[in-house]
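Enquirer:
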Amino acid sequence: MDLSLLNTNIPIDLLNASMTNSLISSLGIVIEAVSEGEVIASMPVSEKTMRPGGILHGGANLALAETIAGLGSILLVDSKEYDARGIQVTANHVGAATEGRVRATAKIIHQGKQTHVWNVDITRTDGKLISTARVTNMIVKKNE
């Protein structure tokens, strides 16, 4: 299994700029690092990402997980010919965040021709795990 990302030469600021005017930018998600088989991003814990009661919304965690796993899959394929589409996201929320930022680390665990599977762990700034997710992406030819 080749876990190397094909497009790690893309500057991080260009990746972040490509996500403006989207759910990703609305949630304040920022890509921090891309390396072989791994994508790291962060998201603020703010009024935009909290649920009533003042804790980070589980749906925001899912959006963060699917965002970086999707980006990782896109970077693993020839993006001129193929696209990655999320087909399943599951998560266990095991902690809470009330302030600061959370950091997500996505690691690919299966890289097939038609599917990619990623594990995504989301932690608070103190390193405490708050959510762990598994994201499955389908690899499709563009325009299908």
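In my numbering, the protein residues as written are 1484 to 1627.
C-beta: ideal position from N, C-alpha, C; glycine also.
1) Report the rounded CA-to-CA distance for residue 1519 versus residue 1582, giving the unit in angstroms.
2) Please report the straight-line C-alpha distance between residue 1560 and residue 1577, rounded to a whole angstrom.
3) Going by DSSP in three states, residue 1496 sits in which element: helix, strand or coil?
4) Let me know the secondary structure DSSP gives residue 1587 once reduced to three states.
5) Taking the C-alpha atoms as reference points, what is the distance between residue 1556 and residue 1599?
6) From residue 1485 to residue 1580, what distance separates their C-alpha atoms?
7) Please give me, in chain order, every unbroken run of the alpha helix (DSSP H) with length at least 4 that falls completely inside the stretch 1528-1590.
8) For the pair the stretch 1503-1523 and the stretch 1583-1603, tell me if three or more CB-CB distances fall below 8 angstroms.
9) Output needed for residue 1532: all residues of its chain with C-beta closer than 8 angstroms, excluding positions within five of it in sequence on either side, in chain order.
10) In three-state DSSP terms, what is residue 1612?
11) Taking buried to mean at least 16 other C-beta atoms within 10 Å of its own C-beta, is residue 1500 buried or exposed?
Expert: This is what the structure holds:
1) CA-to-CA, the gap between residue 1519 and residue 1582 works out to about 30 angstroms.
2) Computed Cα separation, rounded: 32 angstroms.
3) helix
4) strand
5) 7 angstroms
6) In this prediction, residue 1485 scores a pLDDT of 48, lower than 50, which makes its location untrustworthy; the coordinate-derived value is nonetheless stated afterwards. About 35 angstroms.
7) 1541-1559
8) yes
9) The answer, listed in chain order, is 1510, 1511, 1526, 1539, 1540, 1543.
10) strand
11) exposed
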